[in-house]
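Novice: Dropping a structure here in structure tokens format, bear with me for questions.
Protein chains: 2
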Amino acid sequence: MPDSLRRFKADIFQALAHPTRIAIIDLLATGELSAGDLMERLGMEQANISQHLAILRAKKLVTNRKSANKVFYSVKDPLIIEVLAIMRKYFQNNLKESHELLHELDSAHSEVTP
Amino acid sequence: MPDSLRRFKADIFQALAHPTRIAIIDLLATGELSAGDLMERLGMEQANISQHLAILRAKKLVTNRKSANKVFYSVKDPLIIEVLAIMRKYFQNNLKESHELLHELDSAHSEVTP
DNA sequence: TCCTTATATTCGAACATACGAATATAAGGA
DNA sequence: TCCTTATATTCGTATGTTCGAATATAAGGA
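First to last, the sequence lines map onto chains X and E. Note that this note's numbering numbers the first sequence so that position 3 is 3, with each residue one more than the last. Note that this note's numbering numbers the second sequence so that position 25 is 1025, with each residue one more than the last.
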């Protein structure tokens, strides 16, 4: 297993390592949506969504198509959706540890106020 | 798809988003190895390997077992190995874009010297 | 042309991650 | 007990990521 393959995988995982980007891919899994649709469904800042889309584009996880003044995005390879499905299964396989992890994620954020 | 599941997935992907940690999981895929074994096979600093192992432990991707003064690590759930296998398939499915990505990764590092 | 809508990019601040050097801990063995 | 081997943790620095605010671009429509 050459190091280049590992760097590639790490790079794709990095692109997937944000809840908003996972949400975008989840939404696109059922069909293409415009940037505005994604913005509306996720209820986030326009610039923020656009930045996350830029990352997904850079890593070639999504393709985009321009129609009039809208840009429609879709998932490029359904294998990525399969990866997300396996991760859901992983979550369920390890329910106990999964919930522990989530609690750590929560408390990590509220650690500011002791 | 609740947001907590997305945060969980993002967190696991974050843990996988480093070539060294992928290499560690690849090595552990065939059976348990000690921290020293990993250090030797990867030819990296002891502290660095130990830090990466700490991350994999924190995200419960690996388990460890102490025997005498050695610590043996193994992959906790083979589903993770399956995820890596799917990523390899993804790499092959998208050979053209994959190589483009790798070149961008390479040139991103040498951008210091124009 | 000017205006509006839709999307992208740039910038700076806050925060997170990665690394090696140094240090700490823990388990045997002499 | 002291020494050695194996592993973990802490610290400082460099680098990368995320966000919103502001700005830029691009395509119609009036």
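Backbone N, C-alpha and C fix where the C-beta goes; we use that ideal spot for every residue, glycine too.
With 16 other CB atoms within 10 Å as the buried threshold, where does X:K96 fall?
Specialist: It is exposed - the Cβ of X:K96 has fewer than 16 other Cβ atoms within 10 Å.
Novice: Does the pairing of the segment 15-33 of chain X with the segment 71-90 of chain X give three or more beta-carbon distances under 8 Å?
Specialist: Result yes; three or more Cβ-Cβ pairs closer than 8 Å.
Novice: With a threshold of 16 other CB atoms inside 10 Å of the CB of X:H99, please say whether the residue is buried or exposed.
Specialist: It counts as exposed.
Novice: Taking only beta-carbon positions, decide if E:F1072 is within less than 8 Å of chain X.
Specialist: It does not; no Cβ of chain X falls within 8 Å.
Novice: Can you give me the start and stop residues for the alpha helix (DSSP H) that X:N48 sits inside?
Specialist: Run containing X:N48: 46-58, per the alpha helix (DSSP H) assignment.
Novice: Do E:F1091 and X:L5 have their C-beta atoms closer together than 8 Å?
Specialist: Yes.
Novice: Determine, using beta carbons only, whether X:M44 and X:T20 come nearer to each other than 8 Å.
Specialist: The answer is yes: Cβ separation under 8 Å.
Novice: With distance defined between alpha-carbon atoms, name the residue in E:A1058, E:P1002, E:A1035, E:N1064 nearest to X:E104.
Specialist: For X:E104, the nearest C-alpha among the options comes from E:A1058.
Novice: For E:N1093, report the span of its alpha helix (DSSP H) as first-last.
Specialist: Segment 1079-1093, the alpha helix (DSSP H) holding E:N1093.
Novice: What number of angstroms, rounded off, separates the C-alpha of X:N48 from the C-alpha of X:L84?
Specialist: Those two C-alpha atoms are separated by around 22 Å.
Novice: Kindly indicate the opening and closing residues of the alpha helix (DSSP H) around X:T20.
Specialist: Counting along the chain, the alpha helix (DSSP H) containing X:T20 begins and ends at 19-28.
Novice: Do you know how far the Cα of X:K70 is from the Cα of X:L33?
Specialist: One C-alpha to the other measures close to 10 Å.
Novice: Can you pull the DSSP bridge partners for E:S1004?
Specialist: Bridge partners of E:S1004: none, in fact.
Novice: Are any of the Cβ atoms in chain X nearer than 8 Å to that of E:V1112?
Specialist: Only weak support is given to the placement of E:V1112: the predicted model assigns it a pLDDT of 42, under 50, and the value that follows is read from those uncertain coordinates. Chain X, which has no Cβ nearer than 8 Å to the Cβ of E:V1112, makes this no.
Novice: Using only alpha-carbon positions, find the residue among X:F13, X:I12, X:P2, X:A23 that is nearest to E:P1002.
Specialist: The residue with the shortest Cα to Cα distance from E:P1002 is X:A23.
Novice: Does the distance between the C-beta of E:G1043 and the nearest non-hydrogen atom of the ligand MG fall short of 7 Å?
Specialist: This structure lacks the ligand MG; in fact it carries no ligand of any kind.
Novice: To be precise: take each residue of the segment 61-90 of chain X, compare its Cβ to all Cβ atoms of chain E, and keep it if any distance is under 9 Å. Which residues remain?
Specialist: Hits within the stretch, in order: K76, D77, L79, I80, E82, V83, L84, I86, M87, R88, K89, Y90.
Novice: How many angstroms separate the CA atom of X:I55 from the CA atom of E:S1067?
Specialist: Distance between the alpha carbons of X:I55 and E:S1067 is about 44 Å.
Novice: Which residues of the segment 1017-1047 of chain E have a Cβ closer than 9 Å to any Cβ of chain X? Give them in chain order.
Specialist: For the segment 1017-1047 of chain E, which is checked against every Cβ of chain X, the residues closer than 9 Å are A1017, H1018, P1019, T1020, R1021, I1022, A1023, D1026.
Novice: Could you tell me the boundaries of the alpha helix (DSSP H) in which E:L1038 lies?
Specialist: It spans 1035-1042 - the alpha helix (DSSP H) in which E:L1038 sits, taken as one unbroken run.
Novice: Per DSSP, what are the beta-bridge partners of X:S74 in this structure?
Specialist: Answer is X:T63, bridged to X:S74.
Novice: Please list, in chain order, all residues of the same chain as X:V112 whose beta carbon is under 6 Å from its beta carbon, the five residues on each side excluded.
Specialist: Residue confidence for X:V112 is low, a pLDDT of 42 falling below 50, so the modelled location carries little weight; the figure read from the coordinates is stated next. Around X:V112: no qualifying Cβ.
Novice: Which residues in chain E have a C-beta closer than 8 Å to the C-beta of X:S4? List them in chain order.
Specialist: Under the 8 Å cutoff, chain E gives L1102.
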